[in-house]
Every structure is written in C-alpha cells, then in structure tokens.
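Protein chains in written order, with full-length UniProt numbering: chain A, 1 to 316; chain B, 1 to 316.
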C-alpha cells in the first residue's frame with residue numbers, strides 16, 4: 001500500500017489512474033482544478049480531492065491532512081495544442097509553473113517521494129518517420145510541446161542538483177470513454193448534428209499512436225518504479241501508428257452499426273497548426289517494463305461511440 | 001534614434017548598456033527591481049526607470065508613458081549560480097516567469113518590437129574543451145543554467161508560433177567596475193580583510209572567457225540587428241580562455257602594485273557546485289557582426305582594483 005497524490009486527478013486521465021491505483025490497494029489523494037462532489041471523487045477512488053491551484057501552500061495543506069505521499073503523479077497542466085496556441089500564457093502557467101511549485105515542494109518537504117511527470121509526444125515535434133525512441137532529440141514546434149519540454153527540463157534540473165527521483169512519461173494519443181475533446185469527440189459531435197457530412201482538418205493520412213486510457217493507467221503505474229535521480233523517460237504508446245482516416249472510419253462504422261449508410265468524409269487538406277504528420281512511439285522501453293496492451297482499438301472506439309451516444313441521449 | 005526598453009537596467013550590465021545606447025542617441029527606459037533615484041538613472045542614460053516586477057501590467061504602464069519600444073533588451077533575471085542553487089524557485093521566477101510575461105506582452109501589444117534576450121554560457125554546461133560554438137547542443141547542469149536554457153526555449157516557442165523577432169546573447173564571464181560579486185569581488189574583499197592569505201574554491205585551472213562590460217554593451221547593440229523570426233543565437237565572449245589562477249594573480253599584482261609583497265594563494269581543489277572546468281566562447285559569429293574587442297584584460301582588471309579600493313575607501 002502506497003500513499004499517492006495525483007495532480008489533475010479530476011481530468012480525463014487522472015480519474016482512470018486514481019481508480020486503477022485505488023483498486024490496487026493504494027490510498028489516493030488529488031489536487032487540481034475542478035468542482036468534484038466528494039461522493040463522485042470517492043467513486044473514482046480518491047480519499048481526498050482538493051480543488052485548487054497546484055502550488056506550495058495547497059501541497060503542504062494536503063500533506064498535513066493526508067501525510068507525505070510516497071508517489072506523486074503529476075498530470076496537472078495544459079491539455080490542448082489549440083488552446084495553448086490561442087493563450088500560451090495560460091498553458092505556460094498550468095504546465096510549467098505548476099511543475100515548478102511541485103518540484104520545490106518535493107525538494108523541501110518530501111525529498112524521498114517519487115515523481116512521475118506526465119509529458120507528451122508533442123515534445124518530439126514534427127518530421128519523424130516511424131517509431132520515435134525516447135533518446136531522440138526533442139524539438140517541439142507548438143507552445144504546448146515547448147511547455148511540456150520545459151517541464152521536463154525543470155525535472156532534470158531538480159534531479160541533477162537535488163537528487164529528486166523522477167520518471168517522465170511521454171503520452172501519445174490517449175483516448176477512451178469520458179474524453180470530451182479532440183478527434184473522437186469532434187467526429188461524434190459532427191455526426192450528431194449532421195449525419196451526412198464530416199468535415200475535418202488535415203489530410204487524414206496523419207499517423208498517431210492511439211492508446212486507451214485504461215492501458216495508460218496501467219503503464220503509468222509500471223513507470224513509477226523507474227523514478228530515479230537520473231530521470232528515466234518512457235514513451236506511453238502502443239508502437240503502432242493508425243491514420244486519422246482509419247480512426248474516423250472506425251468511429252463512423254461504430255456510429256451507424258449495421259446501417260449501410262455512410263456520411264461524406266472530407267479532409268481540408270490543410271495541416272492544423274502545431275500538428276505533426278507522424279507521432280508513433282517506439283514502445284520498447286514500456287514493453288520491457290512488463291506492459292501488455294489489453295485493449296483492442298476497434299472495440300474501444302466502438303465503446304467510445306456507445307458512451308458518447310448514451311451521454312448525449314442519442315443512443316438508439 | 002530608437003526607443004529602447006531595458007529590463008534589469010539597474011543591474012551591473014544593464015546600466016552600462018543604457019549609457020552606451022543613450023550616448024548613441026537612443027531613448028532608453030528601464031524596468032526591474034531596485035530603488036534608483038531619477039537623477040542617478042538619468043546619469044546612466046535612462047529617461048525613465050520603473051521599479052517593479054517584469055510583468056504585463058508594468059510593461060503596459062511603461063508603454064503608455066513612453067510609447068511602444070522598437071527594441072527590448074531583456075537583462076532581468078537571476079544572476080548567480082550559487083544563489084540559484086540555494087533558492088531555485090526564486091531564480092526560476094526571476095529568469096523564466098519574467099520572460100514569459102515579456103513575450104506575452106510583445107505578442108499582444110508590441111509584435112514588431114525586436115527582443116534581445118540575455119542568456120548565459122551556463123546553458124552549455126560542463127565537459128567542454130576549447131571554444132564552444134552556438135550550434136553546440138546545450139546541456140546545462142545547474143539550476144541557473146537550466147533556467148536560462150528554459151528562457152531560450154520560451155523565446156523559440158514565440159518565434160516559431162507567433163513570429164516574434166528575437167536574438168539570444170549568451171554572455172560569458174562579464175566583469176568591470178561596479179561588479180559586486182563573483183571572483184574579482186571575492187578576491188578584493190579577501191585582500192581587504194587579510195592581505196596575507198587568499199583562499200579560493202576550485203583548482204585555479206578553470207578556464208573562463210573574460211569580457212569587459214563596456215565591450216559587452218557594444219556587442220549587445222550589434223546583436224540587436226540580428227533579431228529575427230528564427231531566433232539568432234550569438235556568443236558574447238572574446239574567444240580567449242584565461243585560467244582563474246591567472247586572473248587572481250593579475251588582480252593581486254594590481255592590488256599590491258609595485259610592492260614586492262604577495263599573499264599566499266590557496267585553491268581548495270574542490271570544484272564548486274555548478275561550476276564547469278572550461279567555458280570559452282567561439283566568437284566567430286560576434287566578430288562577423290563587426291565586433292572589435294577594445295579592452296585589455298590586464299588594464300581593466302587593474303581599473304577594477306582601483307575602483308574597488310576607492311569604493312571601499314582603501315585606495316592608497
């Protein structure tokens with residue numbers, strides 16, 4: 001049994017991680033933004049949820065109430081490339097300043113606690129072909145990617161100088177029931193409004209490494225043991241790239257089920273800002289930690305569509 | 001005539017830069033921390049000094065009073081490796097948050113203004129031999145170096161995504177009259193207290209690229225024209241390394257002038273934290289901009305000693 005703190009636990013990935021960890025017998029607290037009735041937080045596996053800024057004072061407050069954690073998963077931070085482009089200051093604050101506060105609190109108040117910092121494949125930037133290894137030189141090209149990369153640098157600084165024990169998890173394209181943004185949400189929302197026509201940015205050929213949120217939760221709990229003073233980095237992806245067009249077609253198939261009807265799918269052909277052509281993980285390291293992929297992409301996309309329709313009240 | 005804003009103008013380098021620019025006919029304002037009587041600020045070439053945090057509100061305030069600048073020199077930020085190790089949060093705030101605020105203000109309120117961001121040779125880290133080119137992969141190993149490197153990443157992010165025009169100046173070992181810290185100050189302070197014995201950290205063999213603050217001011221004003229949307233980086237150094245021991249001996253020679261007497265100089269042999277063995281600039285780029293080195297190291301060290309003695313009232 002470990003004492004665990006999750007920042008950003010109220011977010012899409014955070015709550016799945018909280019549930020996974022509590023189901024494995026750990027005591028889980030959470031800090032971050034979001035109004036979360038205690039009963040709901042409890043159902044997701046949290047013994048305490050503190051709605052507030054990730055800063056030294058709030059971290060200290062949770063520590064007084066619940067004791068010093070053995071592990072922190074830092075999921076708090078900006079979560080959208082587009083939002084970060086529109087308001088880089090806010091994304092910087094959420095991603096970088098929260099990390100600066102967290103690291104300083106660890107240094108001063110919890111130096112033995114291990115940290116898993118959640119980064120993103122966006123740190124790799126564009127111009128990659130095939131699986132990207134963790135040793136690849138990072139070259140972000142969106143503010144979101146830059147801020148995640150800066151977060152990693154700060155972690156490295158605190159490893160180097162103060163001996164904090166840190167692992168960095170670089171997440172690829174995480175999806176699953178409860179995700180209310182990005183491609184899947186967009187496709188379902190469009191189909192809900194107009195089942196005849198789907199209009200999407202990009203070319204449809206963009207490759208992404210889709211990994212289901214339940215698999216991500218298990219991956220993160222494996223990576224935790226790798227936290228050390230030289231900052232281990234682990235990609236969280238399946239190792240397989242799937243084109244946006246394929247994903248869209250699978251969602252459409254699930255949406256219409258056995259109907260013969262299919263909408264017109266139109267890609268604008270214009271790359272979205274900050275959107276690289278290919279982001280696929282070299283997942284050798286993750287697999288070496290004993291990770292086994294459990295979810296089937298087609299099945300889980302179908303489950304997503306089911307969740308969306310039930311959520312939207314359009315289930316048939 | 002250009003309208004110029006200098007952040008950190010009250011600091012050691014800032015005031016020399018302000019004087020140099022105002023002597024060349026420019027209108028210079030300043031923002032940063034420090035109580036500076038208007039008459040004194042004026043003597044250093046400033047038409048306006050605003051004592052305050054480098055943030056959006058203060059930048060906007062200066063803009064309203066003095067108009068939108070054509071050029072910003074961003075010298076504000078932490079200025080000591082040792083202080084940054086002792087209090088990384090403060091150094092992070094000074095160096096990184098000030099830059100985040102400045103870039104955001106430029107993006108929203110002054111997108112045509114050129115920025116010269118003052119970075120440091122500390123971004124290169126340790127394990128270098130011979131002159132370091134700007135294209136070398138940076139690998140800081142102190143919080144101070146990490147924060148300067150993060151500052152550079154933020155600048156790159158704003159170039160890439162918002163087209164800001166930026167040049168990065170990586171300063172090597174800047175010295176000159178008025179510098180109240182680091183090796184020269186330490187040696188003079190020790191000699192003042194006890195002329196018999198000088199005790200210093202490190203081995204004395206550490207190589208640094210010493211450049212006089214007047215030369216730095218001229219270098220920075222040359223680099224300004226290089227500010228562009230792909231972020232030009234220029235080393236500010238002479239290209240020549242001088243050992244710490246040689247520097248100390250020159251200071252001692254100047255201190256005792258024609259006396260035959262010399263103190264016992266003892267190096268601890270233990271490297272100071274965050275202190276690489278060799279930091280010498282490849283100054284090809286700077287020279288290609290037309291930079292000519294004007295100051296002689298020995299002469300200027302002698303002038304420093306004279307300034308220290310007159311400052312301390314020990315001039316003989």
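Every residue, glycine too, gets a C-beta built ideally from N, C-alpha and C.
- Against chain A, a Cβ distance below 7 angstroms from residue 89 of chain B picks out 100 and 104.
- Pairing residue 33 of chain A with residue 46 of chain A, the inter-Cα distance amounts to about 15 angstroms.
- Residue range 27 to 32 is occupied by the beta strand (DSSP E) that includes residue 32 of chain A.
- Our two residues, residue 307 of chain A and residue 117 of chain B, have alpha carbons roughly 49 angstroms apart in a direct line.
- Put simply, the CB of residue 61 of chain B is far from chain A, with every gap to its CB atoms at 8 angstroms or more.
- Judged by pairs of C-beta atoms under 8 angstroms, the region 95 to 105 of chain B touches the region 87 to 105 of chain A, as three or more such pairs exist.
- Under the three-state reduction of DSSP output, residue 298 of chain A falls in the helix class.
- When Cβ-Cβ separations below 8 angstroms define contact, residue 85 of chain A makes contact with chain B.
- Cβ-Cβ distances below 6 angstroms link residue 128 of chain A to 278 in the same chain, with the five nearest sequence neighbours on each side left out; the list follows chain order.
- In the three-state reduction of the DSSP assignment, residue 255 of chain A falls in the helix class.
- Between the region 298 to 307 of chain A and the region 4 to 15 of chain B there are fewer than three C-beta pairs closer than 8 angstroms, too few to call the two in contact.
- Burial state of residue 144 of chain B is buried, judged by a 10 Å Cβ sphere holding 16 or more other Cβ atoms.
- Close CB contacts of residue 269 of chain A within its chain, under the 6 angstroms cut and outside five residues either way in sequence, are with 203 (chain order).
- Sixteen is the threshold: since fewer than 16 other Cβ atoms of the shown chains lie within 10 Å of the Cβ of residue 294 of chain A, the residue is exposed.
- With fewer than 16 other Cβ atoms from the protein chains shown falling within 10 Å of its own Cβ, residue 292 of chain B counts as exposed.
- Excluding residues up to 5 positions away in sequence, 198 lie with their Cβ nearer than 6 angstroms to the Cβ of residue 190 of chain A in the same chain.
- Burial of residue 62 of chain A is indicated by the presence of at least 16 other C-beta atoms within 10 angstroms of its C-beta.
- The C-beta of residue 238 of chain B has 16 or more other C-beta atoms within 10 Å across all chains shown, which makes the residue buried.
- Inter-segment contact for the region 77 to 88 of chain A and the region 133 to 140 of chain A is absent: fewer than three beta-carbon pairs are separated by less than 8 angstroms.
- Annotation for residue 300 of chain A: 175, 176 and 212 place their beta carbon closer than 8 angstroms to its own, counting only its chain and skipping 5 residues before and after.
- Using a 10 angstroms sphere on the CB of residue 148 of chain B, the tally of other CB atoms reaches 16 or more, which defines it as buried.
- The three-state secondary structure of residue 127 of chain A, taken from DSSP, is coil.
- For residue 280 of chain A, the secondary structure class from DSSP, reduced to helix, strand or coil, is coil.
- Around the beta carbon of residue 264 of chain B, fewer than 16 other beta carbons lie within 10 angstroms, which makes this residue exposed.
- For residue 58 of chain B, the CB contacts under 8 angstroms within the same chain, skipping 5 residues up- and downstream, are 31, 50 and 52 in chain order.
- Cβ-Cβ separation between residue 71 of chain A and residue 4 of chain A: approximately 5 angstroms, consistent with a contact (criterion under 8 angstroms).
- Taking the CA atoms as reference points, residue 218 of chain A sits about 55 angstroms from residue 29 of chain B.
- Per DSSP, the beta-bridge partners of residue 165 of chain B are B:114.
- Residues of chain A with a Cβ closer than 7 angstroms to the Cβ of residue 161 of chain B are, in chain order, 85, 142 and 143.
- The beta carbon of residue 262 of chain B sits closer than 7 angstroms to those of 252 and 256, all from its chain and outside the five residues before and after it, given in chain order.
- Ranked by Cα distance from residue 150 of chain B, the options B:9, B:181, B:99 and B:25 are led by B:99.
- Under the Cβ distance rule, residue 154 of chain B counts among the residues neighbouring chain A, one pair being separated by less than 8 angstroms.
- Taking the CA atoms as reference points, residue 235 of chain B sits about 8 angstroms from residue 121 of chain B.
- Close to residue 230 of chain B, with beta-carbon spacing below 8 angstroms, lies no residue of chain A; the smallest spacing is near 12 angstroms.
- Taking 8 angstroms as the cut-off, the beta carbon of residue 19 of chain B is found no closer than this to the beta carbon of residue 36 of chain B.
- Excluding sequence positions up to five before and after residue 21 of chain A, its CB lies within less than 6 angstroms of the CB of 4 and 28, all in the same chain and listed in chain order.
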